[in-house]
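K.L.:
Right, I'll just put the structure down here and ask away after.
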Amino acid sequence: MSGSLLSLVMNGIIIVLLGATIVYAQKLSTHIRVFRDSRKDLDKLIRDLGQQIEKADATVSAMKAAARDSGKDLQRRIDEARGLSEELQLVAESANNLASRLEKGAERPKPSVRAVKQPEPARREKGRETPVPAFAIRDPEFGRDEEEQGMDETAMQSGRLQSRAERELYEALLKRRKGDAGAMS
1 MSGSLLSLVM
11 NGIIIVLLGA
21 TIVYAQKLST
31 HIRVFRDSRK
41 DLDKLIRDLG
51 QQIEKADATV
61 SAMKAAARDS
71 GKDLQRRIDE
81 ARGLSEELQL
91 VAESANNLAS
101 RLEKGAERPK
111 PSVRAVKQPE
121 PARREKGRET
131 PVPAFAIRDP
141 EFGRDEEEQG
151 MDETAMQSGR
161 LQSRAERELY
171 EALLKRRKGD
181 AGAMS
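The sequence shown begins at 1 in this note's numbering and counts up one residue at a time.
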């Protein structure tokens, strides 16, 4: 009996160990199934992450392009503002020069400027009559010859007319003077 008891005990131990192996195999199968399901979810998560990275990359590229375009537009506006600033400086300089000349002209004695009351003649412009002002003030210095004033073509080239605004004003006054001379004859 001792042999059969021993074989019975051995068979019992084997049955218990086989039962433990079956339980362990079931748990392992469950864990493998959960791992496979998790792997599918992990694959899906990795694909979604890849798509999000691609979208983010496209967005960053678009933002870089927009920043580059904005930078170019901003630089263009800065350049334009600099040009306007330089032009304003020239205008201010011209105005200061003109003011200085006017102050110097006011300081030295001049014949008085006369206001003359004249009858109001009519002038024709494009088929309609427009009244010419009855009151006119004339600058006595502007009526002089260009050589007397020193305002001939060499004055423009010699730098006496320092800014573009002064040159344009001088040219406009000459044109007006020539127009007035043509209207008188």
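Note that the Cβ used here is the ideal one computed from N, Cα and C, for glycine as well.
As a quick exercise: from R164, T21 and D57, pick the residue whose alpha carbon is nearest that of E93.
P.N.:
Minimum Cα distance to E93 is reached at R164.
K.L.:
Comparing C-alpha positions only, which one of K178, V16, N97 and I46 sits nearest to E166?
P.N.:
Out of K178, V16, N97 and I46, N97 has the C-alpha closest to the C-alpha of E166.
K.L.:
How many angstroms separate the CA atom of R174 from the CA atom of R82?
P.N.:
It should be noted that the sequence gives Leu, not Arg, for residue 174. The alpha-carbon atoms of L174 and R82 are separated by roughly 32 Å.
K.L.:
Taking S100 as part of the alpha helix (DSSP H), name the residues at either end of that continuous run.
P.N.:
That run of the alpha helix (DSSP H) goes S2 to E107.
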